[in-house]
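> Please see the structure below; I have some questions.
Numbering (the working numbering), first residue to last: 49 to 299.
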């Protein structure tokens, strides 16, 4: 009984502490958690992949998305396969460059010049990191099924998954700073997460990546985006980045 009372007291104290924290502090705690958890998750996945411990589950999940009678055919109707190709293109370098340029143009028009400069460094930096990380893991692509898209690089981590997480999440973090309305902030964040998930899922569905490749790309990309947000807050406090637009509720 005393044990349950102590747990209840701890829970109430924790809730009270969170209630006293402001929006900035909560966001900072969340980003630190994403950064540390993402790094830990990536390292753990990399160790498991190197040791070959994930092969059986990777194989099972990949085959579960294919037609048993014809492994060249993903499950589902033809239009689903076509959508998979469209979604995977959203993580390609060409599309990500265009989206980044569009976001830079918006930031410049909004007169957030330093934020635009930050984006022009942060996004290419994350994409470059993805390329370098692939060089350290010479994991071959899945050979169980015919690939539904052209592939040229190593498998781990998924470049499309990591680059989409880096680009969409980092740009969302920057654009959120320009939007005063909470509704628009939430929309941008949810949209960025959704696009990142769709790109990663499509890579597995098309048979060009193992599931753990995609998971590693997500963790690494999310960690980079969280790090960028933390750096943005640090720069803002030093007066080297435009202040975030104040929240105006749901309007």
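Note that the Cβ used here is the ideal one computed from N, Cα and C, for glycine as well. Small disclaimer: the values here were computed from a predicted structure and weren't measured.
What residue from 77, 93, 79 has the CA that sits closest to residue 187's CA?
Sequence index remark: in the chain shown, residue 187 carries index 139 (1-based). Closest by alpha carbon: 93.
> When DSSP builds the beta bridges, which residues end up paired with residue 118?
Taking the first residue of the chain shown as position 1, residue 118 is located at position 70. 115, per the DSSP bridge assignment.
> Would residue 270 pass as a contact of residue 82 if the rule is Cβ separation under 9 Å?
Reading the chain shown from its first residue, position 222 is the one you call residue 270. Reading the chain shown from its first residue, position 34 is the one you call residue 82. A contact, by the Cβ cut-off of 9 Å.
> What distance in whole Å lies between the Cβ atoms of residue 267 and residue 100, which are believed to be in contact at a cut-off of 8 Å?
Here residue 100 refers to the residue found at position 52 of the chain shown. Here residue 267 refers to the residue found at position 219 of the chain shown. The pair is not a contact, with the Cβ atoms about 20 Å apart (cut-off 8 Å).
> Could you pull out every residue in the same chain whose Cβ sits closer than 6 Å to the Cβ of residue 237, ignoring the five residues on either side in sequence?
By 1-based counting over the chain shown, the position of residue 237 is 189. Same-chain partners within the cutoff: 220.
> Rounded C-beta distance between residue 222 and residue 274? I'm assuming under 8 Å.
If you number the chain shown from 1, residue 222 lands on position 174. If you number the chain shown from 1, residue 274 lands on position 226. 13 Å between Cβ atoms; not a contact.
> Going straight from the alpha carbon of residue 203 to that of residue 147, what length do you get?
Translated into the one-based positions of the chain shown, residue 203 becomes position 155. Translated into the one-based positions of the chain shown, residue 147 becomes position 99. Their backbone Cα atoms lie some 25 Å apart in a straight line.
> Is the distance from the Cβ of residue 133 to the Cβ of residue 254 below 9 Å?
For this step, residue 133 is matched to residue 85 along the chain shown. For this step, residue 254 is matched to residue 206 along the chain shown. It is a contact, given that the beta carbons lie within the stated cut-off.
> Is there a Cβ of chain D sitting closer than 9 Å to that of residue 93, yes or no?
As a matter of chain content, chain D is missing from the structure shown, which is built from one protein chain.
> Pick helix, strand or coil for residue 229, following the three-state DSSP scheme.
On the chain shown, residue 229 is found 181 positions in, with the first residue counted as 1. Coil at residue 229, not helix or strand.
> Candidates 151, 280, 281, 272: which alpha carbon is nearest residue 173's?
Taking the first residue of the chain shown as 1, we reach residue 173 at position 125. Checking every option, the nearest Cα to that of residue 173 belongs to 272.
> When we look at the beta-carbon of residue 103 and count the other beta-carbons within 10 Å, is it buried (16 or more) or exposed?
The count along the chain shown starts at 1 and reaches residue 103 at position 55. Exposed, by the Cβ-count rule.
> I need the boundaries of the alpha helix (DSSP H) containing residue 262, first residue and last residue.
Here the question's residue 262 lines up with position 214 in the chain shown. Where residue 262 is concerned, the enclosing alpha helix (DSSP H) stretches over 259-285.
> Which residue comes first and which comes last in the alpha helix (DSSP H) that contains residue 138?
Along the chain shown, one-based indexing puts residue 138 at 90. For residue 138, there is no enclosing alpha helix (DSSP H), as DSSP marks it with neither H nor E.
> Hey, how far is the Cα of residue 280 from the Cα of residue 163?
Within the chain shown, the letter at position 232 stands for residue 280. Within the chain shown, the letter at position 115 stands for residue 163. In a straight line, the C-alpha of residue 280 is about 8 Å away from that of residue 163.
> Rounded to whole angstroms, what's the CA-CA distance from residue 88 to residue 234? Just pull it up for me.
Working through the chain shown from its first residue, we reach residue 88 at position 40. Working through the chain shown from its first residue, we reach residue 234 at position 186. A direct Cα-Cα distance of roughly 27 Å separates residue 88 from residue 234.
> Looking at the secondary structure, which residues open and close the alpha helix (DSSP H) in which residue 183 lies?
Translated into positions along the chain shown, residue 183 becomes position 135. From DSSP, the alpha helix (DSSP H) with residue 183 extends over 161-183.
> Helix, strand or coil for residue 144, going by three-state DSSP, please let me know.
What you label residue 144 is simply residue 96 of the chain shown in a count that begins at 1. Of the three classes helix, strand and coil, the one that applies to residue 144 here is helix, per DSSP.
> According to DSSP, is residue 123 part of a helix, a strand, or is it coil?
Position 75 of the chain shown, counted from the first residue, corresponds to residue 123. Annotated three-state conformation of residue 123 is coil, per DSSP.
> From the DSSP output, in three-state form, read off residue 203 for me.
Within the chain shown, numbered from 1, the residue matching residue 203 stands at position 155. Coil, per DSSP.
> By DSSP, does residue 299 sit in helix, in strand, or in coil?
Locating residue 299 in the chain shown gives position 251, counting from the first residue. With a pLDDT of only 45 at residue 299, under the threshold of 50, the placement of this residue in the model should not be trusted, and no figure is reported.
> Apply the 10 Å Cβ neighbour rule to residue 218 and answer buried if 16 or more other Cβ atoms are within range, or exposed otherwise.
Walking along the chain shown from the start, residue 218 turns up at place 170. Classification for residue 218: buried.
> Using a threshold of 9 Å, state whether the C-beta atoms of residue 178 and residue 210 are closer than that.
For the purposes of this step, residue 178 is taken as residue 130 along the chain shown, with counting starting at 1. For the purposes of this step, residue 210 is taken as residue 162 along the chain shown, with counting starting at 1. Yes; because the gap between Cβ atoms is below 9 Å, this pair is in contact.
> Note down the Cα distance separating residue 51 from residue 181, rounded to an integer number of angstroms.
Start at 1 with the first residue of the chain shown, and residue 51 comes out as number 3. Start at 1 with the first residue of the chain shown, and residue 181 comes out as number 133. Because residue 51 sits at a pLDDT of 46, beneath the cut-off of 50, its placement in the model cannot be relied upon, and the following sentence gives the value as read from the coordinates. The straight-line gap from Cα to Cα measures roughly 47 Å.
> Determine the direct distance from the alpha carbon of residue 205 to that of residue 91, and round the result to whole angstroms.
The residue you call residue 91 lines up with position 43 of the chain shown. The residue you call residue 205 lines up with position 157 of the chain shown. When rounded, the distance between both Cα atoms is 11 Å.
> For residue 74, is the classification buried or exposed, using 16 other Cβ atoms within 10 angstroms of its Cβ as the cut-off for buried?
Residue numbering aside, residue 74 sits at position 26 when the chain shown is read from its first letter. Exposed: under 16 other Cβ atoms inside 10 Å.
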